[in-house]
Every structure is written in structure tokens, then in C-alpha cells.
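As numbered in my numbering, residues 280 to 479 make up the sequence shown, in order.
Ideal Cβ placement from N, Cα and C applies to all residues, glycine included.
Remember, it's a predicted structure, so these values are computed and weren't measured experimentally.
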Amino acid sequence: MKTSLQTVGAGALFVSAFLVTGAFAQTTPPAPPTSPPAVTSTPLKEDIAKDRQEIRADKQEIKGDLKEVAQDRQALRQDLRSGASQDKIQADRQKLRNDVQELRKDRRELQRDKQDLRSDRRELREDRRDGRDDRDNKSNKGGALRGLDRADQVAGEHGQQGRDNARDKQDLRADRKDLKADRPERPNRPERPERPNRSR
Numbered sequence: 280m281k282t283s284l285q286t287v288g289a290g291a292l293f294v295s296a297f298l299v300t301g302a303f304a305q306t307t308p309p310a311p312p313t314s315p316p317a318v319t320s321t322p323l324k325e326d327i328a329k330d331r332q333e334i335r336a337d338k339q340e341i342k343g344d345l346k347e348v349a350q351d352r353q354a355l356r357q358d359l360r361s362g363a364s365q366d367k368i369q370a371d372r373q374k375l376r377n378d379v380q381e382l383r384k385d386r387r388e389l390q391r392d393k394q395d396l397r398s399d400r401r402e403l404r405e406d407r408r409d410g411r412d413d414r415d416n417k418s419n420k421g422g423a424l425r426g427l428d429r430a431d432q433v434a435g436e437h438g439q440q441g442r443d444n445a446r447d448k449q450d451l452r453a454d455r456k457d458l459k460a461d462r463p464e465r466p467n468r469p470e471r472p473e474r475p476n477r478s479r
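Dropping the structure here:
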């Protein structure tokens with residue numbers, strides 16, 4: 280009789296332990312599978328990439344224009360030296376003027392594309408700064424930026440601005456160099472005969 284009571288007690292203990300374990304298993308949901316965050320490109324980044332493509336295309340067109348202008352100058356010089364007809368020389372000069380105008384037009388387009396690129400970069404920096412400000416404000420519970428974070432932010436802004444300024448100066452020097460190269464040459468003026476010494 281005592282042995283049967285011990286057996287019944289052990290069985291009841293086993294059943295209660297099984298029920299408690301099952302209850303914990305039912306109340307604890309499985310962790311959802313984690314997936315890496317998707318990398319998405321912002322519209323500003325797409326605009327910046329498009330601006331760079333347009334700038335590269337403009338530079339290629341300018342190179343072609345410079346080549347045509349150089350060929351026109353060479354043809355004009357040859358006609359002037361060989362004593363070609365006035366109509367031929369006039370046609371060469373007109374072609375040179377047209378090519379120079381096309382070159383200036385492409386350069387203006389290049390400057391507009393560079394301005395668009397600078398504007399898009401500025402907007403992207405402002406968006407990143409605003410997002411960083413929001414994160415810092417949340418981490419500081421609505422307080423001001425930490426001194427070190429603010430110093431890093433200012434240093435990053437000045438560094439990017441310095442790189443943009445250096446790039447603009449480099450482009451400006453290249454444009455000035457091209458401008459000097461595409462100026463039409465003036466035909467050589469005939470030398471004036473020396474005046475005879477007047478006797479008093």
C-alpha cells in the first residue's frame with residue numbers, strides 16, 4: 280500500500296512538471312527571424328549621380344568643340360598664308376565663330392550642371408545633419424548636442440565645404456585655361472613702312 284502511494288505521488292509530480300513546462304513553452308513566442316536592412320538610395324543621391332554623368336558628357340562635348348575650333352583656326356591661317364579668296368576666308372571665319380559660340384554654349388551648360396551638383400550636395404548634407412540632430416536629440420532626451428558630437432559635426436561640414444571649394448577652384452582654373460586656348464587669333468597686321476627721316 281505504501282509503495283503504491285509513492286508511485287502515485289511520483290506520477291502526479293511528473294504530470295505537474297510537464298504541464299508547467301508546456302505552459303512556459305506556449306506563453307513564450309519564438310523570436311522572429313532577423314533580416315539585414317535593405318540598402319536604398321535616396322533621390323538626392325540619384326540626382327547627384329545624374330549630375331555627374333551630365334558633367335562628364337558636357338566635358339566630352341567641350342573637348343570636341345575645342346578640337347573643332349583648333350582645326351578652324353588652322354584652316355584660317357593656311358588660307359591667309361596661301362592668299363585664298365576673300366569668300367573662302369570669310370567662310371572660314373564664320374565657321375570659326377559658330378564653333379566658338381557652340382563652345383561657349385556647352386561651357387554655360389557645364390556651369391549649370393556644376394551648380395546643380397553643388398546644390399544637391401548641399402541638400403544632402405543638410406538632410407544628413409538634420410537626421411543626426413534628431414538622433415542626438417533623442418539620445419540626449421531633448422537636450423542640446425554633446426560638445427564632442429557638435430565638434431565632429433562642425434569639422435565634417437567644414438571639411439566637406441573645403442573639398443567642394445577646392446574642386447570648384449580646380450574646375451575654374453581648367454575653364455580659364457580652356458578660355459585662353461579658344462580665343463580666336465587675330466590675323467597678322469602688315470608691317471608699317473618706316474618713315475624716312477625728315478631733313479630740317
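Just to confirm, are Glu325 and Glu381 a CB contact at a threshold of 9 Å? no
Three CB pairs or more closer than 8 Å across the region 334-344 and the region 384-404: yes
Taking the alpha-carbon positions, what's the Arg360 to Ala354 distance? 10 Å
Residue from Arg331, Arg352, Gln365 with nearest C-alpha to Asp378: Of the candidates Arg331, Arg352, Gln365, the one whose C-alpha sits nearest the C-alpha of Asp378 is Arg352.
Using three-state DSSP, classify Gly410 as helix, strand or coil. If DSSP states are grouped into helix, strand and coil, Gly410 belongs with the helices.
I need the straight-line Cα distance from Asn365 to Gln350, nearest angstrom please. Sequence inspection shows Gln at residue 365; the Asn mentioned does not correspond to that position. The straight-line gap from Cα to Cα measures roughly 19 Å.
Gln373 versus Gln357: straight-line alpha-carbon distance, rounded: Straight-line spacing of the CA atoms in Gln373 and Gln357 works out to 15 Å.
Just how far apart, CA to CA, sit Leu403 and Leu323? 6 Å
So the candidates are Asp371, Ser398, Arg408; which of them puts its Cα closest to the Cα of Ile327? Ser398
In chain order, which continuous runs of the beta strand (DSSP E) of length 3 or greater are located wholly inside the region 341-402? none
Assuming Asp344 contacts Asp395 under a Cβ cut-off of 8 Å, what Cβ separation, rounded to an integer in Å, is found between them? Not really, about 21 Å apart at Cβ, beyond 8 Å.
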